[in-house]
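Asks: To convert, note that position 178 of the sequence shown is 186 in our numbering; the numbers rise steadily by one, no gaps.
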Amino acid sequence: MIDLKKNNSDYDAIFVGAGIMSATLAILLTEIYPEINILILEKLDNAGKESTSAFNNAGTGHAANCELNYTPINNDGEIELKKALSINNSFEKSLELWASLYETGKIDCKKFLRFTPHISFVSGEKDVSFLEKRYQLLSGFNEFKDMELSSNFSEISSWVPLITKNRNKNIKIAATRVKRGTDIDFGALTSEYLKYLVKNKNVEVNYLSEVFDLNKLDNNWSVHFKKDGKRKNLVAKYIFLGAGGKSITLLQKSKIPEGKLFGGFPVSGKWLICENNELTRQHNAKVYGKAAMGSPPMSVPHLDARWINGQRYLLFGPFAGSTTKFLKEGSFFDLFNSLKINNILPAVDVGFKNSDLIKYLISESIQNHSSRIKSLKKMMPSANSNDWYLKNAGQRVQIIKKTQKGGVLKFGTEIVNSSDGSLSALLGASPGASTAVNIMTEVLRNSCFFKEDKEFFENRISNLITPYCKYQENIKSRNNSILGFHQFT
Ligand SMILES: Cc1cc2nc3c(=O)[nH]c(=O)nc-3n(C[C@H](O)[C@H](O)[C@H](O)COP(=O)(O)OP(=O)(O)OC[C@H]3O[C@@H](n4cnc5c(N)ncnc54)[C@H](O)[C@@H]3O)c2cc1C
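1. Out of Thr-257, Ser-217, Asn-176, Ala-72, which one is the CA nearest neighbour of Leu-242?
2. So Lys-119 and Ala-26 are in contact, right, with Cβ under 8 Å, and what is the actual spacing, rounded?
3. Pairs of beta-carbons, one from the segment 197 to 208 and one from the segment 45 to 59, closer than 8 Å: are there three or more?
4. Return the chain-ordered ranges of every beta strand (DSSP E) run that is complete within the segment 227 to 277 and spans a minimum of 3 residues.
5. Given Lys-478, which residues of its chain have a CB within under 8 Å of its CB, disregarding the five upstream and five downstream residues?
6. Who are Lys-410's beta bridge partners in DSSP?
7. By how many angstroms is the C-alpha of Ser-255 removed from the C-alpha of Val-24?
8. By alpha-carbon positions, which one of Ala-328, Leu-33, Asp-236 ends up nearest to Asn-454?
9. Comparing alpha-carbon positions, which option in Asn-227, Arg-239, Gly-318 lies nearest Asp-221?
10. Going by beta carbon distance, what residues of the same chain come within less than 8 Å of Arg-486, once the five residues before and after it are set aside?
11. Use the C-beta contact count for Gln-403: other C-beta atoms within 10 angstroms, 16 or more gives buried, fewer gives exposed.
12. DSSP on Tyr-19, reduced to helix/strand/coil?
13. Out of curiosity, what's the CA-to-CA distance linking Gly-252 and Asn-160?
14. Apart from the five residues just before and just after Glu-406, which ones in its own chain have a Cβ nearer than 8 Å to its Cβ?
15. Could you check where the beta strand (DSSP E) with Tyr-296 kicks off and where it finishes?
16. Is the beta carbon of Leu-311 closer than 7 Å to that of Val-295?
17. Following a CB-centred definition, is Ser-373 positioned closer than 6 Å to any heavy atom of ligand 1?
18. When you measure from the CB of His-232 to every non-hydrogen atom of ligand 1, does any distance come out below 6 Å?
19. Going straight from the alpha carbon of Ser-262 to that of Tyr-41, what length do you get?
20. Kindly indicate which three-state DSSP category Thr-497 falls into: helix, strand or coil?
21. If we count the other Cβ atoms within 10 Å of its Cβ and call it buried at 16 or more, is Ala-300 buried or exposed?
22. May I ask you to verify whether the segment 281 to 293 touches the segment 108 to 118, counting CB pairs closer than 8 Å and requiring at least 3?
23. Which residues does DSSP list as the beta-bridge partners of Ala-313?
24. Is DSSP giving Tyr-215 helix, strand or coil here?
25. Taking Thr-172 as the reference, give the member of Ile-28, Val-130, Asp-135 with the closest Cα.
26. Give me the residue from Ser-330, Arg-122, Lys-268, Thr-332 with the minimum Cα distance to Gly-415.
27. Say the cut is 6 Å; is the CB of Ala-401 nearer than that to a heavy atom of ligand 1?
28. Would you call the CB atoms of Arg-175 and Pro-389 closer than 7 Å?
29. Quick one: is Val-358 buried, meaning 16 or more other Cβ sit within 10 Å of its Cβ, or exposed?
30. Could you check which residue in Tyr-78, Arg-122, Ala-92 has the C-alpha nearest to that of Gly-492?
31. Measure the C-alpha to C-alpha separation of Lys-278 and Arg-380 and round it to an integer number of angstroms.
32. Should Met-29 be listed as close to ligand 1, given that the test is whether its C-beta is under 6 Å from any heavy atom?
33. Around the Cβ of His-500, are there at least 16 other Cβ atoms within 10 angstroms (buried) or fewer (exposed)?
34. Secondary structure at Thr-449, three-state DSSP: helix, strand or coil?
35. Which residue comes first and which comes last in the beta strand (DSSP E) that contains Arg-142?
36. Could you check the C-alpha separation between Phe-458 and Phe-248 for me, to the nearest Å?
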């Protein structure tokens, strides 16, 4: 572990952006290494206002309970489980951390987490047979032992009445349900973390502070930012770029060679929202359907029960849109400014190779209210257009990576580390906030703080995130006694 006293910088670490990723990294780092001092620089006037904000994402604690795109069919026609198991395992780590922080009185889980059944719903022979096969495979694993399957119309009606009302009973349907799914307000979680950190640890957050450049000194980084119309700079040993869609731009500014491989492809999102109490109280689940053939992973339609600031909502979507902004509060020049000599050819290559995606984005952008309601009716046949209004979601910036075979478009997340471990950046958006604990553990593992002392790090992190997930009984006891499962079912 590095000796912080030898370090003549303003802060041990500076994190750019006060979203769920920086907040998670700060909580993990200070729990493992309490003496450390951290400054978080945030361009907006509060934390968690970009993609992390409740309405800017779907609030699904992604555990592969219901997301059918996590169990794709491979070239041999078989259902692949690898991604589902790995995402489930990552999310368990988030639950573990929250339970451990809750038990020690550091955060209040009721402020951000509600147990909400996760349901996959399909119709038609082919998709019903896919779901049955998926159920048979997954329910053999401890992680999915509690999954239920039904193709009985009235049973599915009792699970999700809005999905079956006015539905044609001649078309076969099926659903799976995992009761211990979650709805999470990631904005509220970020506030919980930061409230605790600022009060109890050496963590400061400077709002209305926009980082515009950074450069490497001998053993430190100099970070340049604007606050109150003035240019300032501070020096730190370690930098984390948790600036959401803007991390790509800042990574380019850092000039580390690892950053030259990347470009960004922004996709905006929209939801249909319903606040009608008559309907919101009838739907207590997150219901994921099957994406249309050939459409990208972010297009999986879902009808979600949401609890935001104590109010119930229904949310349907996402509908994609084309944009050139890297953040919701970003600039229309973001995409153009990110194009550099190193990434322009891969970006053009990705454009050619992904013409279906471009067509999909154009067709989504030109939809009007009635065509969006038509999509909703496939999931909820009784939907009435007057109950629903459109709301912008957050921006996703998909990664364009330069490879030997040209540009590749990636839908996941990617951690980029400088070779000396003094800078890390998080790119991409999916599966996102749910797996922040796992992703940030990986960031820390390769950081300059622990690079040379892996044993110390592994010991500390495993005390914080006990691998309960291997034992079904322990999961139940944790969910019931610590996270409050019983209160919401
Ligand atoms: C439509 C949609 C649906 C989603 N659904 C889910 C879901 O159901 N479940 C899930 O787990 N994940 C979901 N995600 C992904 C999830 O929202 C993101 O992975 C997560 O919020 C990213 O957090 P972050 O901290 O990296 O970025 P952000 O929340 O975007 O935070 C970045 C912060 O950096 C600040 N910033 C940017 N530039 C600068 C700068 N130059 N100087 C200072 N500050 C700066 C921004 O203002 C912002 O506060 C979804 C995303 C979208 C867009």
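Cβ atoms here follow ideal geometry from the backbone N, Cα and C, with glycine treated the same way.
Replies: The short version:
1. Taking the first residue of the sequence shown as 1, we reach residue 242 at position 234. That would be Ser-217, whose Cα lies nearest to the Cα of Leu-242.
2. Counted from its first residue, the sequence shown places residue 119 at position 111. Counted from its first residue, the sequence shown places residue 26 at position 18. The Cβ separation is near 17 Å, so there is no contact.
3. yes
4. 229 to 235, 238 to 249
5. Position 470 of the sequence shown, counted from the first residue, corresponds to residue 478. Unreliable placement is indicated for Lys-478, whose pLDDT of 47 sits below 50; no coordinate value is reported for it.
6. Here residue 410 refers to the residue found at position 402 when the sequence shown is read from its first residue. According to DSSP, which records beta bridges pairwise, Lys-410 is partnered with Gly-415.
7. Within the sequence shown, residue 24 is the residue found at index 16, counting from 1. Within the sequence shown, residue 255 is the residue found at index 247, counting from 1. Rounded to whole angstroms, Val-24 to Ser-255 spans 9 Å at the Cα level.
8. Start at 1 with the first residue of the sequence shown, and residue 454 comes out as number 446. Ranking the options by Cα distance to Asn-454, first place goes to Leu-33.
9. In the sequence shown, residue 221 corresponds to position 213, counting from 1. Of the candidates Asn-227, Arg-239, Gly-318, the one whose C-alpha sits nearest the C-alpha of Asp-221 is Arg-239.
10. Within the sequence shown, numbered from 1, the residue matching residue 486 stands at position 478. Cβ neighbours of Arg-486 beyond the five flanking positions: Leu-103, Glu-104, Ala-107, Tyr-476.
11. Counted from its first residue, the sequence shown places residue 403 at position 395. When all chains shown are included, Gln-403 counts as buried.
12. As a working mapping, residue 19 is identified with position 11 in the sequence shown. If DSSP states are grouped into helix, strand and coil, Tyr-19 belongs with the strands.
13. Your numbering for residue 252 matches position 244 in the sequence shown. Your numbering for residue 160 matches position 152 in the sequence shown. If you take the alpha carbons of Gly-252 and Asn-160, they lie about 43 Å apart.
14. For the purposes of this step, residue 406 is taken as the residue at position 398 of the sequence shown. According to the sequence provided, residue 406 is Gln. The question's Glu does not apply to it. Cβ neighbours of Gln-406 beyond the five flanking positions: Gly-272, Phe-273, Pro-274, Val-275, Leu-417, Lys-418, Phe-419, Gly-436, Ala-437.
15. Walking along the sequence shown from the start, residue 296 turns up at place 288. Tyr-296 -> beta strand (DSSP E) spans 294 to 296.
16. In the sequence shown, residue 295 corresponds to position 287, counting from 1. In the sequence shown, residue 311 corresponds to position 303, counting from 1. Going by C-beta atoms, Val-295 is nearer than 7 Å to Leu-311.
17. Taking the first residue of the sequence shown as position 1, residue 373 is located at position 365. Incorrect: Ser-373 has no Cβ contact closer than 6 Å to ligand 1.
18. Translated into the one-based positions of the sequence shown, residue 232 becomes position 224. False, no ligand heavy atom lies under 6 Å from that Cβ.
19. Here the question's residue 262 lines up with position 254 in the sequence shown. Here the question's residue 41 lines up with position 33 in the sequence shown. So the alpha carbons of these two residues sit roughly 26 Å apart.
20. Here residue 497 refers to the residue found at position 489 of the sequence shown. Here Thr-497 scores only 42 on pLDDT, less than 50, and its place in the model is too uncertain to base an answer on.
21. Taking the first residue of the sequence shown as position 1, residue 300 is located at position 292. By the neighbour-count rule (16 or more Cβ atoms within 10 Å), Ala-300 is not buried but exposed.
22. no
23. Counting from one through the sequence shown, the residue named residue 313 turns up at place 305. Paired residue(s): Leu-322.
24. Here residue 215 refers to the residue found at position 207 when the sequence shown is read from its first residue. Residue state, collapsed to three classes: coil.
25. Against the sequence shown, residue 172 aligns to sequence position 164. The shortest C-alpha separation from Thr-172 is found at Val-130.
26. Along the sequence shown, read from residue 1 onward, the residue named residue 415 stands at position 407. The option with the nearest alpha carbon to Gly-415 is Lys-268.
27. The count along the sequence shown starts at 1 and reaches residue 401 at position 393. Yes, the beta carbon of Ala-401 sits closer than 6 Å to at least one heavy atom of ligand 1.
28. For the purposes of this step, residue 175 is taken as residue 167 along the sequence shown, with counting starting at 1. For the purposes of this step, residue 389 is taken as residue 381 along the sequence shown, with counting starting at 1. Cβ atoms of Arg-175 and Pro-389: closer than 7 Å.
29. Locating residue 358 in the sequence shown gives position 350, counting from the first residue. The residue in question, Val-358, is buried, as its Cβ has 16 or more Cβ neighbours within 10 Å.
30. Numbered from 1 along the sequence shown, position 484 holds the residue referred to as residue 492. Gly-492 has its Cα closest to that of Arg-122, out of Tyr-78, Arg-122, Ala-92.
31. Sequence index remark: in the sequence shown, residue 278 carries index 270 (1-based). Sequence index remark: in the sequence shown, residue 380 carries index 372 (1-based). Cα-Cα distance, rounded: 10 Å.
32. For this step, residue 29 is matched to residue 21 along the sequence shown. Answer for Met-29: yes, Cβ within range of ligand 1.
33. Given that the chain is displayed from residue 9 to residue 497, the structure contains no residue 500 and the question cannot be resolved.
34. Numbered from 1 along the sequence shown, position 441 holds the residue referred to as residue 449. Correct three-state label for Thr-449: helix.
35. Along the sequence shown, one-based indexing puts residue 142 at 134. Arg-142 -> not in any beta strand (DSSP E); alpha helix (DSSP H) instead, spanning 133 to 146.
36. Against the sequence shown, residue 458 aligns to sequence position 450. Against the sequence shown, residue 248 aligns to sequence position 240. Each residue's Cα considered, the two are about 15 Å apart.
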